[in-house]
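Numbering (my numbering), first residue to last: 15 to 298.
The structure appears below as structure tokens.
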């Protein structure tokens, strides 16, 4: 967490204090409402009779019983249902404002692919939802073994900016093929990777990725635990698969150098590892 624990904990505590303050106020009002609904019937009837006598009227048993009978018919509605109705109306208002805020958010344009041999304006994804099609057109080349297809891609980080980060990028990768993207600092290498993960705004062109994506960032995110725990990340341990991963990520020699092998503690943020070891551990 890069020593942000206390800061985030303080932020959460501040929000929780505000929440508890609102909850206390709401609970107090609710308790007051229940108390009033219990004692209000007797207090109101008593007050009515006192006022009736004070204005010089004669109070008889007939008037007392008739008044109590009439009041009891409306007591539950006036002392319980009406206050609750006010509370529910306030909750409905808050809920409507939240729904309104959500519905007024900017629409996210889901970008699909229009094939050259297709005359459809829209197509459906696996969930059955209609997806708007973009202007870019590419042929379906997944049948040829391609796993990633980038066709005339242009993208930028800020949609309102005039600066285009990537422009007219086209490539295709077959399954099992290795592609190395090289260039000077700021040339758009990381932005190209972000475009494959839909983390950057695509202005024109299209990207198709078959299957899932595993992304290992340049900066290590190792946590204070053993090498094995950093690699498994809570998943069950499989010896054959673990050895295969160690071989693919070139960590066999590193494990032999560590005094406790895969049980070696890496320290906070991998402080006990070198830069290359951190990168290989993150990749694993």
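All C-beta atoms in this analysis are idealised placements derived from N, C-alpha and C, irrespective of residue type, glycine included.
On a predicted model such as this, the values are computed, not experimentally measured, just so you know.
| Item | Value |
| --- | --- |
| With a CB to CB cut of under 6 Å and the five nearest residues on each side skipped, what residues in its chain are close to residue 181? | 168 |
| For the alpha helix (DSSP H) that residue 114 lies in, which residues bound it at each end? | 96-117 |
| Buried or exposed for residue 209, going by 16 or more other Cβ atoms inside 10 Å? | buried |
| Does the stretch 290-298 come into contact with the stretch 260-275, if we say contact requires no fewer than three beta-carbon pairs (one atom in each stretch) closer than 8 Å? | yes |
| Determine whether the beta carbon atoms of residue 223 and residue 162 lie at a separation below 8 Å. | yes |
| Whole angstroms are fine: how far does the CA of residue 26 sit from the CA of residue 273? | 40 Å |
| Are the CB atoms of residue 166 and residue 186 within a distance shorter than 8 Å? | no |
| For residue 291, is the classification buried or exposed, using 16 other Cβ atoms within 10 angstroms of its Cβ as the cut-off for buried? | buried |
| Checking 8 Å against the spacing of the C-beta atoms, do residue 221 and residue 206 come in under that value? | no |
| Can you name, in chain order, every residue of its own chain whose Cβ lies under 7 Å from the Cβ of residue 269, other than the five neighbours on each side? | 260, 275 and 276 |
| Taking Cβ to Cβ, would you say residue 179 is nearer than 8 Å to residue 202? | yes |
| Spatial neighbours of residue 229 within its chain, please: C-beta separation below 8 Å, excluding the five flanking residues on both sides. | 207 and 211 |
| In whole angstroms, what separates the C-alpha of residue 192 from that of residue 22? | 40 Å |
| What's the gap between the Cα of residue 60 and the Cα of residue 90? | 17 Å |
| Using only alpha-carbon positions, find the residue among 241, 67, 248 and 100 that is nearest to residue 271. | 241 |
| So residue 85 and residue 52 are supposed to be a Cβ contact under 8 Å. How far apart are they, rounded? | Not really, about 15 Å apart at Cβ, beyond 8 Å. |
| Helix or strand or just coil, what does DSSP make of residue 276? | helix |
| Please say whether residue 279 and residue 236 have beta carbons closer to each other than 8 Å? | no |
| Which first and last residues belong to the beta strand (DSSP E) in which residue 187 is found? | 180-188 |
| Would a C-beta distance cut-off of 8 Å place residue 81 and residue 62 closer than the cut-off? | yes |
| Once DSSP output is grouped into helix, strand and coil, what is the label at residue 240? | strand |
| Rank 79, 214, 109 and 164 by C-alpha distance to the C-alpha of residue 175 and give the top, closest one. | 214 |
| Measure the C-alpha to C-alpha separation of residue 111 and residue 119 and round it to an integer number of angstroms. | 13 Å |
| How many Å lie between residue 33 and residue 172 at the Cα? | 35 Å |
| Please report the straight-line C-alpha distance between residue 130 and residue 113, rounded to a whole angstrom. | With a pLDDT of only 36 at residue 130, under 50, the local geometry of the prediction cannot be trusted, and the value read off the model is given with reservation. Those two C-alpha atoms are separated by around 40 Å. |
| Going by DSSP, which residues form a beta bridge with residue 162? | 187 and 223 |
| Quick one: is residue 287 buried, meaning 16 or more other Cβ sit within 10 Å of its Cβ, or exposed? | buried |
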